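This report concerns only the one structure given below.
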Amino acid sequence: MARTTIRDQRGFIIGHIEDMTQGRQRAFNFAGRILGTYDPTTGKTVDDTFRIVGTGNQLMGLIERAK
Numbered sequence: 013m014a015r016t017t018i019r020d021q022r023g024f025i026i027g028h029i030e031d032m033t034q035g036r037q038r039a040f041n042f043a044g045r046i047l048g049t050y051d052p053t054t055g056k057t058v059d060d061t062f063r064i065v066g067t068g069n070q071l072m073g074l075i076e077r078a079k
């Protein structure tokens, strides 16, 4: 699984996005807590409680809000 580190404008790590099987992606905050998952087969992003956040990949928005 590939992992992309997300940094803010100052260069501090604010989260990670990890590639999973079947094209799914999962977002984590800087401490490793799961923020949400994007599933391209449904085209939806859900948060850590499986509530729909929106259509399309909204993982960067979840990481930004968790700062």
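Just so you know, we're using this note's numbering here: the sequence shown kicks off at 13 and counts up by one. For every residue, glycine included, the Cβ atom is placed at its ideal position computed from N, Cα and C. All figures in this text were calculated on a predicted structure; none of them were measured in a lab.
Taking C-alpha atoms, which residue in the options lies nearest to residue i?
| i | options | result |
| --- | --- | --- |
| Arg-15 | Val-58, Phe-40 and Arg-22 | Phe-40 |
| Met-32 | Gly-68, Pro-52 and Gln-21 | Pro-52 |
| Glu-30 | Thr-54, Thr-67 and Gly-44 | Gly-44 |
| Ala-78 | Gly-35, Leu-47, Thr-67 and Asn-69 | Leu-47 |
Is the separation between the beta-carbon of residue i and that of residue j shorter than 9 Å?
| i | j | result |
| --- | --- | --- |
| Thr-49 | Thr-57 | yes |
Would DSSP call residue i helix, strand or coil?
| i | result |
| --- | --- |
| Ala-39 | strand |
| Gly-66 | strand |
| Gly-73 | helix |
| Thr-54 | coil |
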